[in-house]
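A quick write-up on the structure given underneath.
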Ligand code: MG
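Residue numbers (the working numbering): 4 to 318.
Given below as structure tokens:
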């Protein structure tokens, strides 16, 4: 039996649903948008934008929709890009994502020896766009730390969000229990997203966008032991803060929390803790070990990083 898969945006999916309306069949397939039979082909469209064509005419049927709404010659290049993204993975966001209400999530602190991991999930609607950009919201990598703190203070009272902080003590404990950092991140994202869904209390949203830190199959594998995993209308894309404002806000909130925690930990230990994981961090860790002992690092650092060994070697 022939089989063909394409990926398309919500507008095209709706057109498809209308096109195949005569052949709609009632099948309880999880996360499906519709199932239909037409022209000797079974068409299963998923909320993720993936559409599966099965049957002897699968290719012919799928070709009707290939390239989506791009029908003019100028869009040939766009089509080529579309093909490569299809090969990437099936959880890429639809092209009209900016017009959708989205829960976006991002994390900060994963590459820093000192300080926690912070994860934020944020809900924004297209109608929030004007106000949020007027506050200066954009890709946090283009913002200074002091601007991030200023913007976060104004944004926080306005939006629906969840912020999770994985302290160093908890991080080190999970790491000893065999959690990879990827697994910790997946658990935190999944939890933060659920928290926002709960806060929305039935208010509708069109999808979820995770700033991709692992391929979706790996992300879901990390979550295989979790009681509840959000899988419906979830999208993954790298550099997602430039794709949807919800992720840009999430990155600002996560960064804001990380900076606040770094200040707090610096105060606790009596030293201004440096960011990153470079040689200056080894130096700082060495002087902390010298004054407070190796055990004091459990409260402020991610112990399994090579910096711990390097700092000890400096002494
Ligand atoms: Mg990120």
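Yeah, the Cβ is synthetic: ideal placement off N, Cα and C, and Gly gets one too.
Query: DSSP puts residue 108 in a beta bridge; with which residues?; Result: 124, 213
Query: In terms of residues, what are the limits of the beta strand (DSSP E) holding residue 53?; Result: 53-58
Query: Could you tell me if the beta carbon of residue 109 falls within a distance shorter than 6 Å of some heavy atom in ligand 1?; Result: yes
Query: Near residue 226, what residues of its chain come up, given a Cβ to Cβ distance below 6 Å and the 5 sequence neighbours on each side ignored?; Result: 189, 193, 232
Query: Could you give the DSSP three-state label for residue 77: helix, strand or coil?; Result: Residue placement at residue 77 is poorly supported in this model, since its pLDDT is 43, which falls under 50; the coordinates are not used for a value here.
Query: Looking at the strands, I want to know which residues DSSP matches up with residue 44.; Result: 41, 58
Query: Enumerate, from N- to C-terminal direction, the unbroken alpha helix (DSSP H) stretches of 4 or more residues contained entirely within the stretch 213-268.; Result: 219-225
Query: Indicate whether residue 302 and residue 175 have their beta-carbon atoms separated by less than 7 Å.; Result: no
Query: Any heavy atom of ligand 1 inside 6 Å of the beta-carbon of residue 214?; Result: yes
Query: Is the beta carbon of residue 280 sitting closer than 7 Å to the one on residue 310?; Result: yes
Query: May I have the straight-line CA-CA distance separating residue 222 from residue 52, to the nearest angstrom?; Result: 19 Å
Query: Determine the direct distance from the alpha carbon of residue 56 to that of residue 45, and round the result to whole angstroms.; Result: 6 Å
Query: For residue 291 versus residue 210, is the C-beta spacing smaller than 7 Å?; Result: no
Query: Quick check on this structure: which residue in 293, 276, 181, 134 has the alpha carbon closest to the alpha carbon of residue 160?; Result: 134
Query: Within this structure, are the beta carbons of residue 259 and residue 195 separated by less than 7 Å?; Result: no
Query: Roughly how many angstroms lie between the CA atoms of residue 212 and residue 116, to the nearest whole one?; Result: 27 Å
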